[in-house]
Ligand code: ADP
Ligand code: ZN
């Protein structure tokens, strides 16, 4: 039977959530979505990465008669998704080009016999006549179109096959469809609706906030050292992604981290296919690996326990930054997004835009996107407020970003900025051409280098007027001025500095400038202990960072549980998170259940897993020291 009474749908949905998935309650709009789709309605679901989209079609598929067909472009991940469902006792299977003819035939028979509740298919496979016929003869619970933004011709994940998915509606008009994506902008949303014929679908738009991700953006001073402090300090032994802009840098950083004792692998489009998939598979299956990657390592990194994402180079846009950092903490447990950024990033990004072959519109759009990214990097206010505002959401200071936790010192830098601008001006006036950052800073600081003397710049009125600030401080001021386009960099001529129209306003005293005070020394935070010690109070519902409530007994048991999981996962040939997520293991370590009943109360422990692993775990906990 297909349930139709709303109250009974609600009750049954919650029962499945508890029993099969082991979760006590729905998150955000999940409950409404599940009820709507289970009741036969179409839906468009916009939720951030890690928001919990899968349950929005998995539970309705279990509630309704027949098979739920999930269309996903991510062939490499289908197997893991299906294994995870089977671990939960769900009858799941997939059909894609990785299956041999016999395996595929077996899946088809099972579908035809009504023995499958969730079937994952690649779009090209679904559209093949053989599959369409198979589905004609099966009872269909629903269609879920995952990564629905792949229909967008303007997006970077465009898949032409997605355009043909309107066929679902024509061929099976009575089967409910749910399209899901984490790409939120209005244009993409409209494209999904028209291309998939979802005009009558109800839209469910969630907040795009990821409260468990802590954002940190630091000044790039000694990037490798800073990265190592970050990775080997607060995140020792944890899985994470380090993004770099070039293949060369990826290789270099991966090697360097390995030499420093951090288990790290490279990933970029220059590696052959076999190496790339081997590295991806290891990242998914082993605990605590660090993937150093270009943005080629991207969509579909479904690993729930990525504990950090680090950027050694600044992304081109806030969208890119948010998408990449969003790969951290899908399991909802505390995670960190960290970026080191400096003068060179600003100069480099502006250069890429100016020197690109693209038309003016493209340059203007790219430049505006870069401005927003720079604004985020330089802000002295809450990073999350900025991020969400960029996506059209208003919010209040979060208590879980660097600026909330350790408020930067605002600095009225009007005077230093004017000194810098007039120094650029004087140098140009004296020599008839401009000079680069290093030279200008040397003149400001009164450093009579050979080159400074050679050009007679030690005789300028601005020579030495900035001796009170360090080189690092001047570079920070300059960076922020370039970021705000108060100083221009001429990329065609050796990166020389020049004034802009807006800098004249500042010189004439028509505007003031508030910057973040630069740090003179590299910020060396000593690992875990210094986290969340100062700054704004953390809201009660913000998840605490893994090491915060530092209870050594909990940490020790958590490590033992991870070890147990590693062995169990290897034996079963599945990724560790398919057995239990970190968040569940941590919950177990905190509660130390002594009975199956107590274990079942931990979030993430469902019926099937209790059966399979309960006794073992109770034994393990019992044998753990006091
Ligand atoms: P998305 O596809 O939106 O990125 P997922 O469906 O993979 O997100 O879910 C992200 C994580 O959140 C998964 O680890 C999932 O098990 C967990 N999760 C989803 N819904 C709930 C819930 N109601 N309670 C607890 N955990 C949940
Ligand atoms: Zn904040």
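Residue numbers (the numbering used here): 131 to 756. Built from N, CA and C at the ideal position, the CB exists for glycine as well.
Residue i Cβ short of 7 Å to the ligand ZN heavy atom set
{"i": "residue 538", "result": "no"}
{"i": "residue 514", "result": "yes"}
{"i": "residue 529", "result": "yes"}
{"i": "residue 534", "result": "yes"}
Pair within 8 Å by beta-carbon distance, residue i and residue j
{"i": "residue 503", "j": "residue 448", "result": "yes"}
{"i": "residue 611", "j": "residue 547", "result": "yes"}
{"i": "residue 582", "j": "residue 570", "result": "no"}
{"i": "residue 476", "j": "residue 565", "result": "no"}
{"i": "residue 644", "j": "residue 591", "result": "no"}
{"i": "residue 735", "j": "residue 701", "result": "no"}
{"i": "residue 461", "j": "residue 374", "result": "no"}
{"i": "residue 358", "j": "residue 390", "result": "yes"}
{"i": "residue 139", "j": "residue 192", "result": "no"}
{"i": "residue 586", "j": "residue 560", "result": "yes"}
{"i": "residue 222", "j": "residue 246", "result": "yes"}
{"i": "residue 506", "j": "residue 513", "result": "yes"}
{"i": "residue 707", "j": "residue 434", "result": "yes"}
{"i": "residue 392", "j": "residue 383", "result": "no"}
{"i": "residue 712", "j": "residue 463", "result": "yes"}
Own chain residues within Cβ distance below 8 Å of residue i, not counting five before or after
{"i": "residue 545", "result": "none"}
{"i": "residue 550", "result": "570, 574, 596, 604, 607, 608, 611, 617"}
{"i": "residue 690", "result": "750, 754"}
Where residue i falls, given that 16 or more other Cβ within 10 Å makes a residue buried
{"i": "residue 217", "result": "buried"}
{"i": "residue 297", "result": "exposed"}
{"i": "residue 688", "result": "buried"}
{"i": "residue 145", "result": "exposed"}
{"i": "residue 404", "result": "exposed"}
{"i": "residue 109", "result": "Because the chain is modelled from 131 through 756, residue 109 falls outside the range shown and cannot be assessed."}
{"i": "residue 593", "result": "buried"}
{"i": "residue 424", "result": "buried"}
{"i": "residue 158", "result": "exposed"}
{"i": "residue 376", "result": "exposed"}
{"i": "residue 427", "result": "buried"}
{"i": "residue 453", "result": "buried"}
{"i": "residue 562", "result": "exposed"}
{"i": "residue 378", "result": "exposed"}
{"i": "residue 406", "result": "buried"}
{"i": "residue 495", "result": "exposed"}
{"i": "residue 624", "result": "exposed"}
{"i": "residue 741", "result": "exposed"}
{"i": "residue 498", "result": "exposed"}
Own chain residues within Cβ distance below 6 Å of residue i, not counting five before or after
{"i": "residue 312", "result": "178, 179"}
{"i": "residue 432", "result": "207"}
{"i": "residue 185", "result": "160"}
{"i": "residue 738", "result": "218, 219"}
{"i": "residue 748", "result": "none"}
{"i": "residue 455", "result": "439, 467"}
{"i": "residue 588", "result": "578, 582"}
Close Cβ partners of residue i (< 7 Å) along its chain, the five nearest in sequence each way excluded
{"i": "residue 647", "result": "538, 539, 541"}
{"i": "residue 386", "result": "354"}
{"i": "residue 360", "result": "440, 468"}
Heavy atom of the ligand ADP within 7 Å of residue i beta-carbon
{"i": "residue 711", "result": "yes"}
{"i": "residue 169", "result": "no"}
{"i": "residue 464", "result": "no"}
{"i": "residue 177", "result": "yes"}
{"i": "residue 434", "result": "yes"}
{"i": "residue 482", "result": "no"}
{"i": "residue 153", "result": "yes"}
{"i": "residue 340", "result": "no"}
{"i": "residue 185", "result": "yes"}
{"i": "residue 156", "result": "yes"}
{"i": "residue 460", "result": "yes"}
{"i": "residue 202", "result": "no"}
{"i": "residue 336", "result": "no"}
{"i": "residue 180", "result": "yes"}
{"i": "residue 447", "result": "no"}
{"i": "residue 610", "result": "no"}
{"i": "residue 720", "result": "no"}
{"i": "residue 479", "result": "no"}
Using 8 Å as the threshold, is the segment 411–420 in touch with the segment 357–375, meaning 3 or more CB pairs across them?
Cβ pair count under 8 Å is three or more, so yes.
Does the segment 628–639 come into contact with the segment 519–536, if we say contact requires no fewer than three beta-carbon pairs (one atom in each stretch) closer than 8 Å?
Judged by Cβ distances under 8 Å, the segment 628–639 makes no contact with the segment 519–536, as fewer than three pairs qualify.
At least 3 beta-carbon pairs within less than 8 Å: the segment 333–340 vs the segment 195–215:
Counting C-beta pairs closer than 8 Å gives fewer than three between the segment 333–340 and the segment 195–215, which falls short of the contact rule.
Can we say the segment 266–286 touches the segment 300–307, given the rule of at least three CB pairs closer than 8 Å?
When Cβ pairs closer than 8 Å are counted between the two stretches, the segment 266–286 is seen to touch the segment 300–307, the count reaching three or more.
With contact counted as at least three CB pairs below 8 Å, one residue from each stretch, are the segment 190–197 and the segment 250–269 in contact?
Enough Cβ pairs lie closer than 8 Å, so yes.
Determine contact between the segment 315–331 and the segment 167–177, defined as no fewer than three beta-carbon pairs at a distance below 8 Å.
Cβ pair count under 8 Å is three or more, so yes.
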